[in-house]
Structures are given as C-alpha cells and as structure tokens.
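Quick note on numbering: the sequence shown equals residues 224 to 603 in our numbering. All residues carry an ideal CB built from backbone N, CA and C; glycine is no exception. Since we're looking at a predicted model, the values are computed, not measured.
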Amino acid sequence: MENSTKTYKCPNCSGNLEWSPSDQKLKCPYCDSQFDLSVFEGQEQEARREVEQNTYQHGQSGAEQGYDSVKDATDDSNIDPHDLRVYKCSVCGAEVVTDKTTMATNCAFCGNPVVLAEQMDTRFKPKYIVPFHVGRDKVKGLYKDYVKSRPFTPKAFASEETADKVKAVYVPFWLYRMNMEGEIHATAERTSTRSDSKYIYTTHRVFDVYRSGSLSLDKLPVDASSKTPDDAMDSIEPFDYSKMVPFKMAYMAGFLAERYDQDQNFCHQRALKRADYSMEKSLKDTISGYSTVTVTNRRINEINEPVMADYALLPVYLLSKKYRGRNYLFAINGQSGKIVGDVPVDFFKAAVRWVLSFAIVFAVSLGILFFYMRNKKECR
C-alpha cells in the first residue's frame with residue numbers, strides 16, 4: 224500500500240519549511256520567513272486524526288513502516304525487501320522507499336523534508352521531544368575541530384566532504400522513573416605519618432563502614448533503537464530535560480527520525496544496570512575522610528513496579544567514516560554539541576613526525592657536542 228507524506232508549507236512562498244535549531248522556529252530556506260509551531264496546530268490535529276482513522280480501518284498503522292535513517296548514517300548495508308514500504312512525496316509525487324523504523328526523512332528526488340505521519344499511531348507516538356538546538360553548520364565546525372585536535376588524524380577525516388555527511392537524527396529513548404534502595408558494606412583505610420629526629424612513624428587504620436539509603440531517578444535515558452550503539456548514546460549525555468516539550472510532528476521537519484524497535488520492558492535491564500550503578504555510587508560518595516574505600520558486600524534493589532517510562536525523541540548528529548576496513552562512528556549531542564568518537568591514527572604521519580623529531584634532536588645534540596669539542600680545543 225502506498226502511503227502519503229506530511230510536509231509543512233511556507234504561507235508566504237509555499238516553500239518547504241524546516242525546523243531551525245538556532246531560531247527554535249520553523250523556517251523557510253527560500254524566503255527566510257519564520258513561524259511558530261502554533262501556526263500549524265490545525266495541521267497537526269488533522270494529521271493525527273488521519274493516522275487514527277487509518278489505524279482503525281486497516282488494523283495496522285505505520286508501526287510496520289519507516290526508514291532506517293541511522294543505518295543510512297552509518298553504513299550501506301542491504302535492507303530486507305520485506306521490510307520496505309513506499310510513500311508518495313506530496314511535493315513531486317515520487318515514491319519514497321523506506322523500511323520500518325523511521326518517522327521522518329527526505330525525498331531522494333526533490334530533497335523535500337517529509338514526516339511519515341502514519342508511523343505515529345498510539346503505540347509509536349512519542350510523548351516528548353527535545354528539539355535540535357545546535358545547527359548543522361556549527362556541528363560541522365565542532366566535528367572538524369574535534370578530529371584536528373587528535374594527533375596523526377588521517378587527512379580524509381578532516382575534509383569538508385566528510386563533514387558534509389553529518390546526519391541529524393531524532394533518536395528514540397525511554398526515559399525511566401526508578402526508585403532504588405540498597406545498602407553497602409565497605410572496608411575503608413586511613414594512613415597517617417609523623418616523624419621525629421630519628422624515625423618516621425606510619426599508622427595504618429582499617430575500618431568497617433556501613434551505609435544504606437534510597438534514591439529516586441527521574442528521566443533516566445536509555446536509547447530504544449537497536450541500530451544506535453549504546454555506548455555512544457550514553458557518552459553524549461547529558462541532555463537538558465528542562466528544554467523538553469510535548470511532541471509535535473513539526474519539530475521533525477527537515478530531520479531524520481527513528482521510532483523505537485526495543486520496547487520499555489526490553490530496555491529495562493539496561494536502565495536497571497545504570498540505576499544500580501548510581502545507587503552504589505551515591506552510597507559510596509557519603510564515605511569520606513579515608514585514603515581508600517573498597518565495597519565488600521552490597522544489596523541494591525528496585526522498589527517500584529511496574530516499569531515506568533516515557534517515550535521521547537532526542538536530537539543526535541551521526542557520522543560514519545570507513546577507514547582501512549573499519550567503520551568509525553561519531554555521535555554529537557544535538558542540544559549541547561558534545562561529541563564522542565574514535566579517530567584512527569595515520570601511521571605514515573606518525574612515522575614522519577617521529578623521524579622529524581629524531582632528526583631535530585639529533586641535530587641539536589650534534590651541535591652541542593660540536594660546540595663543546597670546539598671550546599675544549601680552544602682551552603688547550
């Protein structure tokens with residue numbers, strides 16, 4: 224079945240509007256007009272009604288449709304044809320071929336930013352969204368500064384062509400509310416030293432320490448897409464949730480967006496692992512005044528049932544670069560600009576730097592030796 228797409232048109236010139244991170248408004252790239260999201264509230268409500276109607280009529284919604292934008296940002300792997308769906312671009316009429324997890328993309332023919340409204344039935348509609356605050360141009364600069372600051376970076380990584388491949392993606396997250404309680408037993412050591420005219424005295428004391436308490440965690444994030452590396456998503460935190468707003472489709476205009484493919488129960492174990500670590504750390508941090516503290520026994524539990532989590536989309540820039548058979552992924556927080564990623568070493572650059580350094584040191588040493596021998600000869 225062919226599905227339609229959703230676009231936001233400029234009331235002044237009919238251009239396709241995109242969300243502007245710097246202005247925090249919908250902006251027309253053609254006439255530079257800017258609009259608050261409230262202007263398009265009627266379109267939002269109409270799109271939601273269409274989604275609900277299609278869900279009711281077909282017994283299946285866009286939950287089975289979408290586009291793997293993260294895969295597009297990270298590799299060129301083939302997609303299972305059975306997962307593909309077809310959408311009709313509302314601007315040029317071309318078929319937009321997608322798979323089953325993206326809620327927003329761009330038409331490959333006219334570049335039109337489209338929102339796949341049918342992806343957001345009741346089950347897959349986010350509750351919240353953190354809009355992009357850092358623009359693409361700034362992110363490109365942050366990326367180039369990041370790779371250039373690493374020693375022996377291959378030239379290709381810092382090129383304008385590579386920086387242009389940065390993709391802006393709304394990544395699905397579960398934000399958990401968790402209540403933890405626990406206790407720890409620890410061995411704490413304290414060492415002191417004093418001296419007199421003859422000896423140095425060292426006193427070593429060992430203490431048994433006990434702590435117990437509880438901890439409430441709100442908005443503990445866990446990414447809900449199997450395609451985004453968990454360690455990268457954890458590393459670009461934190462996000463400022465005071466800037467989080469109720470979800471509206473207009474925020475996705477001009478961006479890629481994924482829907483979750485791991486539900487809140489599946490992701491709960493990761494959330495529990497993070498909460499467990501936070502609980503132990505909060506107890507351990509209350510033990511002070513010792514040189515070392517070693518936890519010897521612990522009991523930590525979650526005390527709230529059932530699992531409580533909100534579904535949200537968070538802004539992330541992704542870039543993948545293949546070098547010598549390995550993919551290097553860079554992730555950038557689309558709200559704060561924090562960047563993480565591994566940069567490979569160009570061994571030729573490293574070898575040249577080593578040879579030059581050795582040559583300089585050798586030349587300086589030779590000059591010093593020559594100067595010393597000359598002075599010694601003159602003294603005779």
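Got a sec, what are the start and stop residues for the beta strand (DSSP E) residue i sits in?
| i | result |
| --- | --- |
| Asn520 | Thr515 to Glu525 |
| Met403 | Lys390 to Ser418 |
| Asn235 | Premise fails: Asn235 is in no beta strand (DSSP E) and is neither H nor E. |
| Ile459 | First-last for Ile459: undefined, no H or E at that position. |
| Val337 | Pro336 to Val338 |
| Val563 | Ile562 to Gly564 |
Could you check if residue i is buried or exposed, using at least 16 other CB atoms within 10 Å of its CB as the buried criterion?
| i | result |
| --- | --- |
| Tyr424 | exposed |
| Leu249 | buried |
| Ile591 | exposed |
| Ser372 | exposed |
| Ile562 | buried |
| Lys450 | buried |
| Lys229 | buried |
| Ser511 | exposed |
| Pro395 | buried |
| Gly548 | exposed |
| Pro444 | buried |
| Ser588 | exposed |
| Asp446 | buried |
| Phe355 | buried |
| Thr385 | buried |
| Glu525 | buried |
| Arg482 | buried |
| Leu240 | buried |
| Pro349 | buried |
| Ala535 | buried |
| Tyr393 | buried |
| Ser514 | exposed |
| Val468 | exposed |
| Val584 | exposed |
Return the chain-ordered list of same chain residues with a C-beta closer than 6 Å to the C-beta of residue i, the five sequence neighbours on each side being excluded.
| i | result |
| --- | --- |
| Asn329 | Pro336 |
| Gln257 | Asp246, Lys248 and Lys250 |
| Glu406 | Ser435 and Arg522 |
| Val338 | Lys229, Ala327, Met472 and Met475 |
| Cys254 | Asn235 and Cys236 |
| His491 | Val530 |
| Arg493 | Val445 |
| Asn520 | His408 |
| Tyr540 | Val362, Val389, Ala391, Ile555 and Gly557 |
| Phe430 | Ala411 |
| Ile459 | Ala554, Asn556, Lys561 and Val563 |
| Thr426 | Ser415 |
| Tyr464 | Lys442 |
Start and end of the alpha helix (DSSP H) containing residue i?
| i | result |
| --- | --- |
| Ile385 | Before going on, a small fix: residue 385 reads as Thr here, not Ile. Looking at the DSSP string, the run of the alpha helix (DSSP H) that includes Thr385 is Glu383 to Ala386. |
| Tyr500 | Gln487 to Lys507 |
What is the DSSP secondary structure of residue i, counted as helix, strand or coil?
| i | result |
| --- | --- |
| Tyr366 | helix |
| Ala480 | strand |
| Arg434 | strand |
| Ala535 | strand |
| Met472 | helix |
| Ser439 | strand |
| Ser588 | helix |
| Phe553 | strand |
| Tyr253 | coil |
| Phe263 | helix |
| Tyr424 | strand |
| Ser511 | coil |
| Phe380 | helix |
| Lys371 | helix |
| Lys450 | coil |
| Lys350 | coil |
| Glu287 | Confidence in Glu287 is poor, its pLDDT being 35 and thus under 50, which makes the residue's placement too unreliable to answer from. |
| Met224 | Note that Met224 has pLDDT 43, beneath the 50 cutoff, so the model's placement of it is unreliable and the number below is only indicative. In the structure shown, Met224 sits in coil (DSSP, three-state: anything other than H, G, I, E or B). |
Grab me the residues of residue i's own chain with a C-beta within less than 7 Å of its C-beta, minus the 5 sequence neighbours each way, in chain order.
| i | result |
| --- | --- |
| Asp484 | Thr324, Ser448 and Ser449 |
| Asp441 | Arg400 |
| Thr517 | Ala409 and Thr410 |
| Arg497 | Leu443 |
| Phe380 | Val370, Lys544 and Val566 |
| Pro252 | Gly238 and Glu241 |
| Ser439 | Asn402 |
| Pro304 | Bear in mind that the predicted position of Pro304 carries a pLDDT of just 48, short of 50, making it too unreliable to give a figure here. |
So is the beta-carbon of residue i under 7 Å away from any non-hydrogen atom of the ligand MN?
| i | result |
| --- | --- |
| Val357 | By its list of ligands, the structure shown contains no ligand whatsoever, and the ligand MN lies outside what it can speak to. |
Near residue i, what residues of its chain come up, given a Cβ to Cβ distance below 8 Å and the 5 sequence neighbours on each side ignored?
| i | result |
| --- | --- |
| Asp387 | Lys363 |
Exercise for review: May I ask you to verify whether the region 370-388 touches the region 495-512, counting CB pairs closer than 8 Å and requiring at least 3?
Suggested key: Short answer: they don't touch.
Exercise for review: Evaluate the contact criterion for the region 469-487 versus the region 431-440: three or more CB pairs, one atom per stretch, below 8 Å.
Suggested key: The region 469-487 vs the region 431-440: no contact.
Review point. At a cut of 8 Å, does the region 451-458 reach the region 345-364 through at least three beta carbon pairs?
Key: With the cut-off at 8 Å, the region 451-458 and the region 345-364 do not touch.
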